[in-house]
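Have a look at the structure below before the remarks.
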Amino acid sequence: MSISRKDVHYIAKLARVSLTETEEARLEKDLAEILDYVAKLNQVDTSNIEPTTHVLSLENIFRTDENRPSLQPAEVLRIAPKKSDGFVVVPLVIEGKGDA
Amino acid sequence: MPRTATTATELLNRYRSGALSPRDGVGHFLRRQEAVDGKVSAFLDTCREGIETQLKGLESMDKSVPLWGVPVAVKDNIVVRGRKTRCASKILEGFESPYDATVVRKLRQAGAILCGTTNMDEFAFGSSTENSAFQKTANPWDLTRVPGGSSGGSAAAVAAGEIPLALGSDTGGSIRQPASFCGVVGLKPTYGRVSRYGLVAFASSLDQIGPLALTVRDAALLLGVIAGWDPMDSTSADMPVPDYVKTLEGGVQGLRIGIPQEYFGEGLDAGVRENVELAIDTLRSLGAQCDPVSMPHTQYAISVYYIVATAEASSNLARFDGVQYGLRSSSENLLDMYCRTRDEGFGMEVKRRVLLGTYVLSSGYYDAYYLKALRVRSLIKRDFDEAFKRVDVLATPTSPTVSFRLGEKIQDPLTMYLSDIYTISTNLAGVPAISIPCAAGDPSLPVGLQLLAKPFDEATLFRVAHAYETKVGGPFLPDL
Amino acid sequence: MRMKRRSEGPFYRIYNKHERGGRSEEGRRKLDVGRETWDDPLRESAMEYETVIGLEVHVQLLTRSKLFCGCSTLFGAQPNSQTCPVCLGLPGSLPVLNREAFRKAVKVGLALHGEISQVAKFDRKNYFYPDLPKNYQISQYDLPIARGGWLDVGFEGGPKRVRITRAHLEEDAGKLMHVGKGGSRVDFNRTGTPLLEIVSEPDISSPQEAALYLSELKAILLYLEVSDCNMEEGSLRCDANISVRRPGSKELGVKSELKNMNSFKAVERALEFEVSRHRRVLEEGGRLIQETRLWDERQAVTQPMRSKEEAHDYRYFPEPDLVPFRISQAEVDEIRSSLGELPRERLNRFQTEYELSAYDAGVLVSDKALSEFFEAVCRAVPRPKQVANWLTGPVLSEMNARHKTIRELGLKPEALAKLLMRIEDRTLTNTMAKEILPALIDSGKDPDEVVRGKGLKQVSDAGALEPVVEQVIRKNGQSVQDFLSGKERALGFLVGQVMKETGGKANPALAHQLLLKALAVKKGGAL
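Which chain is which? The protein sequence lines are A, B and C, in order.
Here the working numbering = 1-based position in the first sequence + 1.
Here the working numbering = 1-based position in the second sequence + 554.
Here the working numbering = 1-based position in the third sequence + 6.
Written out as structure tokens, the structure reads:
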């Protein structure tokens, strides 16, 4: 399984990173090398082996439904690159992902 | 001031005896920072303007709090309220955290004086601190060499005597490897031992915050302050925190130490091997029983790590998009704003890992890479479970080499990744590990001995490390 | 916790076969709240295609705090005032699950007859959007809160069973407002509000059925008190998948995903539009493409989303910041025992226990509080039909006119019961009782006190009424003649005149009696 330029282009778009031609070429080579290396995992027989997502066997960590103080809107907006009337402002979103 | 007074323990002793005031103690370190940081470049922000307020705050505080008046630096990926936290990345330009990390809150309560944030590889992606967007940190033992990474700034600052205690974060060795390269003590706690709340996430299932210090005792002191359950972190464990300092003196008599053969194979530098084997002999001479053990899946650790860690990182770093905080590249439309901000804001290594992580999670590749890696992760963890049925502690080199030269590996990411071989499994298995300096060897660069223990058995690590340290002397300090 | 307001009226619509033609105009009008017609514009070609609809409903769970942090979920606050590092996804923040949200989700799963996952976990759904601070949504992928289950829809001729695929918990996104050239504004207050996504199987076969499904679901959610289901505030949202196919065909047709429908009516109309569009395209030999379309309320059309977005690749993976959630059988049982009576059970009970019509029962049951009010009144006044008439008539009118719930109206069941008793004991006429209802509501006083205050007491004293009767007989010679010559109906007119003269206060039975007596005298004892 090796990675193509098209793949690099596709994942760069998914990850919202624009790349120059040179960067794309460089990353294609680097990623191919790394993916070649990690392919050694295929040597391991993992049938009947469960995946590990958490090393601790913690379960059921909840909080109670109580209110805690929120930040002041001013604190939220102070770090925003662009704001107006109490809102964070972003370049126009045409349409995209729906609201739900 | 002579270098013999630079541990936190000694500072506290002097404060308590009235021989030194916190103001003078802190002042000593600030002067040292001014004198040497031009050469070492360990600090990103020295936070000078906040120090006076903190010193004043000490007056109304119980003097018996564990770090009363002790200066502490934190890695630039641990948020401090009202201060810049940039993860050594341009993308967080202008970001000031509106909240404290849990460890920072605990430090404040313990009377510590926060004296600056330290340099790191951008978002902790690296093993040399060369991936910082702002500056390169030098190894205090040899200014042409790297301090290791990604907590290179914290390790170098401690080694150079600029700060007695520092916090780092460790996802695949980022505390231990720089500790090893800089000749200091660094501990990665058990996953869940220290709250991650306020640690800018790299790989959430692997990250832990841990202490860097000149001595084992200091590291134990600092871990005692930051450890413990935190209701803000679902993955933190509700386990009692022992008094690590109290149990330091237990010795190693009768302790069973396993030597995993897979950590002494091809690729291990001969000088490093010699030092580590000598250290193991020392432990044996102190009464420990050292026997070989096998960890057969060690060879797969790097592959598993670079899949799991980059997958999580690709998602964790998605939030840096120019919308709410940090850098925003000017643009007319949203998609363009995202792409340009992340292009300009992220360095090459960040892009590389974000893309790799995106790839292994993407449609069609999830099972082959990500899921496969999680299964092999189970086998790596099983190796540890098996080993710890037979031994109390494992002893290994921390890194296959001593510090390498600045620029030596930066163009070759895979080689850089491979240098994490001895530290990565620990994070995958979640077990605690400490790196302590072996007696300085040839070529007069520090070598780290790594000790690993069962989950939540940091106390044993400190005990063994302290026994060794007491035997061989130390701390070892570079001439600067 | 959310600030209350009224939504679009009775929500529990019951699809009744008779409604299409048989029901009285009055009944239809009442039933078709918010609709123009029950007529299916596509009936002509109904034999040629069948419609396949699946719904995805997002419902905000009613909790004090958000799903993963302690910020308030209250609607309508100042922009960006209910946010914290966690829901803003600030660097370093971590989620911790709200136990109440989890339990409410389990409750819904059980009410929908789903199987509760013994171990539920959360996953990250990765996509970039400015209302999603982390650019991933914490959701559930392969181990949702509940799987399977069903919802019975409609009732005449046997309810239609719509299967439920799953119900999973996730965090809501913020609100994005498009303000033209200057860009879009983001308010993160809603970010992180607990959202339960309920996905149906494609078992729904008409837009009307879809609306009924929504009504039924909403009724259940309100009965469970897990959500306020307020579509205007977005606490209940619905997306629909729709396709058409030839009857008997096993394969589904090409589907459209419909979004942006802000009311049940909009869902129904959007689906109607889309069904006819699909049929038209197919009939004209065209080809449909699978796409997401937005409902344009103003133009009443669906439009393809003009998005350059590539196919979604959400890169789901287990959320490392949250641990698995295991629920014991004991806790499942405990939650199950707290479900209480659900609307469909109550509907059936009202029809059997109180012998109410399906329509009356439906109107009452459509409002949990109103149905409880009904039962409270019935305990004092055991005439359920009369109580139901009063509630679905004058009381509901007052609620609608004042835009208030039965609770907000302030009318006590005891007060209404007493009012009805005063009709029974002839202190008041029905008309008088209706007239004093607004005053009763406004004052919150005892009905007798209101009656006294208004001087509205029915005149049942013969001595007081006799002069009026005399006067009416004097003034209406023609009617008296008519009556005396055998036209019984003239008596009714005369009673009416007595009522008129007394401003409605006369006891009609007494007036009737006194008139007969006086007219008998006139007839010379012939009666």
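For glycine and all other residues, C-beta sits at the position ideal for the given N, C-alpha and C.
So what does DSSP say about E203(C), is it helix, strand or coil? To locate residue 203(C), count along the third sequence from 1; it is residue 197. Correct three-state label for E203(C): strand.
Nearest candidate by alpha-carbon position, reference S282(C), set S269(C), S262(C), M267(C): The residue given as residue 282(C) occupies position 276 in the third sequence. Nearest of S269(C), S262(C), M267(C) to S282(C), Cα basis: S262(C).
On a Cα-Cα basis, can you pick out the residue from Y879(B), G880(B), R894(B) that is closest to E886(B)? The sequence position of residue 886(B) within the second sequence is 332, counting from 1. Ranking Y879(B), G880(B), R894(B) by Cα distance to E886(B) puts R894(B) first.
Whose C-beta lies closer than 8 Å to the C-beta of L415(C) among residues of the same chain, with five residues either side of it excluded? Against the third sequence, residue 415(C) aligns to sequence position 409. Excluding sequence neighbours, L415(C) sits near V401, E404, M405, R408, I447.
If you check the beta carbons only, do I834(B) and I813(B) fall under 8 Å apart? The count along the second sequence starts at 1 and reaches residue 834(B) at position 280. The count along the second sequence starts at 1 and reaches residue 813(B) at position 259. Yes, these two residues count as a Cβ contact at 8 Å.
Buried or exposed: V847(B), going by 16 or more other Cβ atoms within 10 Å of its Cβ? Within the second sequence, numbered from 1, the residue matching residue 847(B) stands at position 293. With 16 or more other Cβ atoms within 10 Å, it is buried.
Sequence ranges, alpha helix (DSSP H) only - wholly within the stretch 772-825 of chain B, length at least 4: none
I729(B) by DSSP, collapsed to three states: which one? Along the second sequence, one-based indexing puts residue 729(B) at 175. It is coil, neither helix nor strand.
Check for me: the beta strand (DSSP E) holding S249(C) runs from which residue to which? Here residue 249(C) refers to the residue found at position 243 when the third sequence is read from its first residue. Residues 242-251.
Is there a C-beta anywhere in chain B that falls below 8 Å from the one on P70(A)? Mapped onto the first sequence, residue 70(A) falls at position 69. With 8 Å as the cut-off, P70(A) does not count as an interface residue toward chain B.
With a CB to CB cut of under 6 Å and the five nearest residues on each side skipped, what residues in its chain are close to L533(C)? Taking the first residue of the third sequence as position 1, residue 533(C) is located at position 527. Because the pLDDT at L533(C) is just 44, under 50, the model does not fix this residue reliably, and the point stays unresolved.
Whole alpha helix (DSSP H) elements within the stretch 294-358 of chain C, 4-residue minimum: 335-343
Rounded separation between M237(C) and F194(C) - CA only: Position 231 of the third sequence holds residue 237(C). Position 188 of the third sequence holds residue 194(C). Spanning the two alpha carbons is a distance of roughly 19 Å.
Is any beta-carbon of chain C found at less than 8 Å from that of Y653(B)? Working through the second sequence from its first residue, we reach residue 653(B) at position 99. Chain C contact via Cβ: present.
Quick one, which of T698(B), A867(B), A927(B), T672(B) has its alpha-carbon nearest F688(B)'s? Residue 688(B) sits at position 134 when you count from the first residue of the second sequence. The shortest C-alpha separation from F688(B) is found at T672(B).
Less than 8 Å between the C-beta atoms of T69(C) and T79(C), yes or no? Residue mapping note: residue 69(C) aligns to position 63 of the third sequence, counting from 1. Residue mapping note: residue 79(C) aligns to position 73 of the third sequence, counting from 1. Result yes, Cβ atoms of T69(C) and T79(C) sit closer than 8 Å.
M427(C), DSSP secondary structure in three states: As a first step, residue 427(C) must be located in the third sequence, where it is residue number 421. Helix.
Whose CA, out of D784(B), Q878(B), R931(B), lies closest to the CA of E647(B)? Counted from its first residue, the second sequence places residue 647(B) at position 93. Checked all of D784(B), Q878(B), R931(B); the closest Cα to E647(B) is Q878(B).
Since A983(B) meets chain A, which of its residues come closer than 7 Å, beta carbon to beta carbon? In the second sequence, counting from the first residue as 1, residue 983(B) sits at position 429. By Cβ distance, chain A contributes V56.
Can you look up Y142(C) in the DSSP assignment and give me helix, strand or coil? Within the third sequence, the letter at position 136 stands for residue 142(C). DSSP places Y142(C) in strand when its eight states are reduced to three.
Span of the beta strand (DSSP E), counted from its first residue to its last, around N132(C): The sequence position of residue 132(C) within the third sequence is 126, counting from 1. Where N132(C) is concerned, the enclosing beta strand (DSSP E) stretches over 129-132.
What residues in the stretch 852-880 of chain B have a beta carbon less than 7 Å from any beta carbon of chain C? A865, E866, S869, A872, R873, D875, V877, Q878
Do three or more CB pairs link the stretch 961-970 of chain B to the stretch 681-701 of chain B at distances below 8 Å? yes
Please list the terminal residues of the continuous beta strand (DSSP E) segment that includes I170(C). The residue given as residue 170(C) occupies position 164 in the third sequence. First-last of the beta strand (DSSP E) with I170(C): 166-177.
With a threshold of 8 Å between beta carbons, is S932(B) in contact with chain A? Residue 932(B) sits at position 378 when you count from the first residue of the second sequence. It does; some Cβ of chain A falls within 8 Å.
Reducing DSSP to helix, strand and coil, say where M237(C) ends up. Counting from 1 along the third sequence, the entry for residue 237(C) is found at position 231. Of the three classes helix, strand and coil, the one that applies to M237(C) here is coil, per DSSP.
For D209(C), which of S466(C), E297(C), T171(C), V63(C) has the nearest alpha-carbon? Counted from its first residue, the third sequence places residue 209(C) at position 203. If we check each option's Cα against that of D209(C), T171(C) comes out closest.
Cβ atoms of S932(B) and T53(A): under 8 Å apart, would you say? Taking the first sequence and counting its residues from 1, the one referred to as residue 53(A) is at position 52. Taking the second sequence and counting its residues from 1, the one referred to as residue 932(B) is at position 378. In this structure, S932(B) lies closer than 8 Å to T53(A) by Cβ.
Taking only the alpha-carbon atoms, compute the straight-line gap between R41(C) and E303(C) and give it to the nearest angstrom. As a working note, residue 41(C) is residue 35 in the third sequence. As a working note, residue 303(C) is residue 297 in the third sequence. Bear in mind that the predicted position of R41(C) carries a pLDDT of just 37, short of 50, making it unreliable; the figure below should be weighed with that in mind. Cα to Cα, the separation comes out at about 14 Å.
Can you give the Cα-Cα distance for M555(B) and L889(B), rounded to whole angstroms? As a first step, residue 555(B) is located in the second sequence; it is residue number 1 there, counting from the start. As a first step, residue 889(B) is located in the second sequence; it is residue number 335 there, counting from the start. Because M555(B) sits at a pLDDT of 38, beneath the cut-off of 50, its placement in the model cannot be relied upon, and the point is left open.
Enumerate in chain order the residues of its own chain whose CB-to-CB distance from E816(B) is below 8 Å, with the five nearest sequence positions on each side excluded. As a working mapping, residue 816(B) is identified with position 262 in the second sequence. Counting only Cβ-Cβ distances below 8 Å, and skipping sequence neighbours, we find S848, M849, P850, T852, Q853.
Give me the subset of the stretch 71-88 of chain C whose CB atoms are less than 8 Å from a CB atom of chain B, sorted by chain position. none
Opposite S85(A) in the DSSP bridges: which residues? Numbered from its first residue, the first sequence carries residue 85(A) at position 84. S85(A) is bridged to F88(A).
List, in chain order, every chain C residue whose beta-carbon is nearer than 7 Å to that of N61(A). Here residue 61(A) is taken as the residue at index 60 of the first sequence, counted from 1. Those within 7 Å of N61(A) in chain C are F331, R332.
Which residues, in order along the stretch 331-359 of chain C, keep a beta-carbon less than 9 Å from a beta-carbon of chain A? F331, R332, I333
Looking at the ligand PLP, does it come within less than 7 Å of Q1004(B), judged from the CB to the closest heavy atom? For the structure depicted, the ligand PLP is absent and the ligand set is empty, with no information on it obtainable.
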